[in-house]
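First comes the structure, then the notes that go with it.
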Amino acid sequence: MHDVNSVMLWIHPPLAVAAHLLVLFCLYPSFSRDRRVRWLPLAAWLAVLAGLVSGMIWAQLAWESYWSWDPKEIVTLVLFLGVSAHAFFYYRLPKENEFGQPRAVRILAVVNCVLVAATLLSGLILKGLHSYI
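FYI, the numbering for the sequence shown is 160 to 292, going by our numbering.
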């Protein structure tokens, strides 16, 4: 092990928590017509990207590798792809139903919430670099 206790300890975990919260908050604009929260999917995408990149930087400092295909890294990558799809469809598909958003947007918002739970639980359940037990 190298520098696990680097300055990234104070950057990456708070970014990851903020990203997870923003992904959960994306349920609201996905099921409503409230235009005041149109920024949430983009903010969630940026936060997940920042969490992923900061984690890669920290991994390079700690383990001398940007990516290790650890279960938590894989689930986080899938979450990033899901959040990317959600943001893309949220801003690109026409709003044409009583919920304000197409079904694909609503489904992706729910799937992303499940992926947040999977990301949080992966460190407890699966063996890897991010195992907490």
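Beta carbons: idealized from backbone N, C-alpha and C, even for Gly.
Bounding residues of the alpha helix (DSSP H) (the contiguous stretch that carries residue i)
i	result
residue 180	171 to 184
residue 225	Unbroken run through residue 225: none, as it is neither H nor E.
residue 281	262 to 284
Whole-angstrom distance between residue j and residue i, CA atom to CA atom
i	j	result
residue 275	residue 191	21 Å
residue 202	residue 261	20 Å
residue 174	residue 235	13 Å
residue 224	residue 218	6 Å
residue 198	residue 165	32 Å
residue 205	residue 184	14 Å
residue 232	residue 254	33 Å
residue 194	residue 251	15 Å
residue 247	residue 278	22 Å
residue 222	residue 188	39 Å
residue 171	residue 282	15 Å
Simplified DSSP assignment, three categories, for residue i
i	result
residue 211	helix
residue 191	coil
residue 238	helix
residue 251	helix
residue 217	helix
residue 198	coil
residue 243	helix
Residue of the options minimising C-alpha distance to residue i
i	options	result
residue 245	282, 222 and 271	271
residue 177	193, 194, 213 and 189	213
Nearest-angstrom Cβ-Cβ length linking residue i and residue j, presumed shorter than 8 Å
i	j	result
residue 207	residue 182	7 Å
residue 280	residue 241	That belief does not hold up - the Cβ atoms of residue 280 and residue 241 are roughly 16 Å apart, past 8 Å.
residue 285	residue 200	So it is not a contact: roughly 28 Å between Cβ atoms.
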